[in-house]
Amino acid sequence: MQKRVGFAGLGLMGSRMARNLLEKGFPLAVWNRTAERCRPLADAGAQVARTPRELAEGADVVVSCVADPAAVERLVFAEDGVLSAARAGFRYLETSTISPDLSRRVAEALRTRGADALEAPVTGSRIGAERGTLLLMTGGRKETHEELLPVMMAMGTKAIHCGEIGQASVVKLIGNTIISFMLEGLCEGLVVGRRAGLSPETILEVVMASGFASPYFTFKGGAIARRDFDTHFSIDLLVKDQGLMLDEAGARKAPMPGLAAIREVFQSARGQGFGGEDIAAVVKVLERAAGL
Ligand SMILES: NC(=O)c1ccc[n+]([C@@H]2O[C@H](COP(=O)([O-])OP(=O)(O)OC[C@H]3O[C@@H](n4cnc5c(N)ncnc54)[C@H](OP(=O)(O)O)[C@@H]3O)[C@@H](O)[C@H]2O)c1
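Residue numbers (our numbering): 639 to 930.
Listed below in structure tokens is the structure:
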């Protein structure tokens, strides 16, 4: 018997992940803060819940893909939240990128009601969500990971169990730290290169033929070369993750001077009105600073 899935959060990622669940045959209900966004999935056969509680009441597992910790607080702990409908055997799969502490708090609250939570932050961006090729990293009980594997494999191609609840969130934040450095390095290099009369295509050709090649550079470097800043992952959300990582590092007494500096560049992008654009748009801040 396939689990009945309730999906909360139909943004860039969630709308595509939910569609994959529907297309792979899971009975699906959806909830989104802005109800209008439920319509395409309702047209495709999903039920629509009026509140997170209603969503959880009709589901064996609720999958969450919302923006940030504040959204998860609302989804889970509000009066009409998921927690109010949690009961023995109920499962909650958190795919949003949030703090390890919040992830643990959600799991603890659900466990007091005989339910369980698995954190499963994802990577693979909008294209991975669309194609169902996300990589999921999980934190929580191994048995819950195994139990929810069929649901996860409807949205991705691999799920790696990282450890106890909270630890997968740390791994996810490490991943987005690496992305921050790669993007900053790429953008700073492209701006200096442009100043020196080099085209992005030439720079990328050399980068991709070298030992420091990464598919990430063709993905984001290609977008910058085309001036295509259509959002796959917004600057607002990456700054959220940079802040979460710096908080975690602070709590662990680990310095992150590089990330702290890079966050200021991305923060400038928000200040200049690019927060909703793709993270590649950070190049515009560096271009302006260089007088381009
Ligand atoms: N985009 C990526 O490449 C990517 C990759 C991996 C992980 N992630 C993570 O996945 C999550 C979703 O990302 P996304 O790109 O899909 O974001 P998005 O397009 O901005 O969608 C955000 C979703 O969260 C909902 N939301 C925001 N604030 C809320 C609140 N206070 N209460 C309830 N719902 C709220 C939004 O509802 P409304 O429709 O009402 O605004 C929307 O459904 C984030 O945690 C992000 O960091 C994203």
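We put the beta carbon where it would ideally sit given N, CA and C, even for glycine. Quick caveat: nothing in here was measured; it's all calculated off a predicted structure.
Residue interval of the beta strand (DSSP E) (run including residue i)
i, result
"H799", "794-801"
"L731", "729-732"
"F715", "Segment 707-715 is the alpha helix (DSSP H) holding F715; no beta strand (DSSP E) there."
"L774", "772-777"
"L756", "754-757"
"G644", "643-646"
Residue i CB to nearest heavy atom of ligand 1 below 6 Å
i, result
"F871", "yes"
"C703", "yes"
"N658", "no"
"G647", "yes"
"S672", "The sequence as given places Thr at residue 672; Ser does not occur at that position. Indeed, a heavy atom of ligand 1 lies less than 6 Å from the Cβ."
"L650", "yes"
"R675", "yes"
"V760", "yes"
"T735", "yes"
"S763", "yes"
"A753", "no"
"A682", "no"
"L875", "yes"
"A861", "no"
"R712", "yes"
"A687", "no"
"A708", "yes"
Residue range of the unbroken alpha helix (DSSP H) whose run includes residue i
i, result
"M655", "652-661"
"L896", "Here the sequence assigns Gly to residue 896, which means Leu is not the residue at that position. Element bounds for G896: 895-909."
"V789", "780-790"
"E886", "873-889"
"E822", "805-833"
"A927", "921-927"
"M846", "838-846"
"S763", "763-769"
"I862", "853-864"
"R725", "Unbroken run through R725: none, as it is neither H nor E."
"D718", "Premise fails: D718 is in no alpha helix (DSSP H) and is neither H nor E."
"S741", "738-749"
Selection from the options that minimises the alpha carbon distance to residue i
i, options, result
"V744", "V760, A724, S763, T761", "A724"
"L821", "V760, R833, E746, I900", "I900"
"V877", "A851, G777, V829, G909", "G909"
"G696", "D718, A667, F715", "A667"
"V1011", "I736, A656, T735", "No information on residue 1011 is available, as it lies outside the stretch 639 to 930 that the chain covers here."
"E732", "A716, R675, G647, L660", "G647"
"E717", "R691, A889, C676", "R691"
"G683", "Q880, A694, D885, F664", "F664"
"A928", "A919, R832, G777", "R832"
"A758", "A726, A694, V704, L721", "V704"
"G896", "A863, M846, F819, V845", "F819"
"A673", "E661, A708, R688", "R688"
"L650", "P678, L748, T750, A767", "A767"
"G827", "D866, K922, I736, A753", "K922"
"S702", "F645, G823, G778, D681", "F645"
"D866", "E915, G911, A889", "E915"
"L787", "E902, L659, A918", "L659"
Residue-chain proximity (residue i, chain B), Cβ-Cβ < 7 Å
i, result
"H799", "In the structure shown, chain B does not exist; there is a single protein chain."
beta-carbon residue i near ligand 2 non-hydrogen atom, thresh 6 Å
i, result
"L731", "This structure simply doesn't include ligand 2; it includes ligand 1 instead."
(Q) In chain order, what are the residue ranges of uninterrupted alpha helix (DSSP H) at least 4 long that sit wholly in the region 663-703? (A) The qualifying runs are 677-681, 690-695.
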